[in-house]
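Written out as structure tokens, the structure is:
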């Protein structure tokens, strides 16, 4: 359903009501009736509300017209033929006015129904949008949760790698220390052997000289 421009409907509705009030002004029992109608017209928020108020006003005015017509009918027999003629003529005019505005009321009731359908459709779209937004938020929360979980695993793996790297460094240092120690031991053993060899040489020379 295409969107209805409420401002294009509201003004003609109010103009229609003014025409009706002007035509049926004689049927208003007092100024209180007019004030009551004015107060009703102040109390609406939507175009559909205005249509309902106007429909209620039309119904009230029609009841007053029917009451007036009934009163005129009761007095037909008591009036002269001239008065009877004018009363009948007035009655016919009122009938025409009523028929005219009944047709217009039906048209505005149709507009009210269209507005209701449009409002229901708009409400459904809003609900669908809210549901879609809720689903999107839930999906984002799930993705964020998974990312946090993966980040936690990555952090733990990173810490484990750091630990293994430290252990590897320590093992390398220990290995280097062992290699260095072995080198020192080998060097000292060589020095000891050389010292023994020197002693043997000296002892041998000493024996040669004595002989």
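Numbering (full-length UniProt numbering), first residue to last: 1 to 211. Note that beta-carbon positions come from the ideal geometry of N, C-alpha and C, so glycine has one too. Please read all numbers here as calculations on a predicted model, not as lab measurements.
N- and C-terminal bounds of the alpha helix (DSSP H) containing residue 60: Segment 47–74, the alpha helix (DSSP H) holding residue 60.
Residues of its chain near residue 116, where Cβ-Cβ distance is below 7 Å and the 5 sequence neighbours each way are ignored: Leaving aside the five residues that flank residue 116 on each side, the residues in its chain whose CB is nearer than 7 Å to its CB run, in chain order, 48.
Span separating the alpha-carbon of residue 252 from that of residue 125: As shown, the chain starts at 1 and ends at 211. That puts residue 252 outside it, with no answer to give.
CB contact flag (residue 52, residue 112, <8 Å): Yes, the pair counts as a contact, with Cβ atoms nearer than the cut-off.
Proximity below 8 Å, CB of residue 65 to CB of residue 41: No, the pair does not count as a contact, with Cβ atoms beyond the cut-off.
Own chain partners of residue 156 with C-beta closer than 6 Å, once the 5 adjacent residues on each side are dropped: Answer for residue 156: no residue qualifies.
Burial state of residue 158 (16 or more Cβ within 10 Å): Looking at its Cβ environment, which holds fewer than 16 other Cβ atoms inside 10 Å, residue 158 is exposed.
Residue 58 beta carbon less than 8 Å from that of residue 101: Taking 8 Å as the cut-off, the beta carbon of residue 101 is found closer than this to the beta carbon of residue 58.
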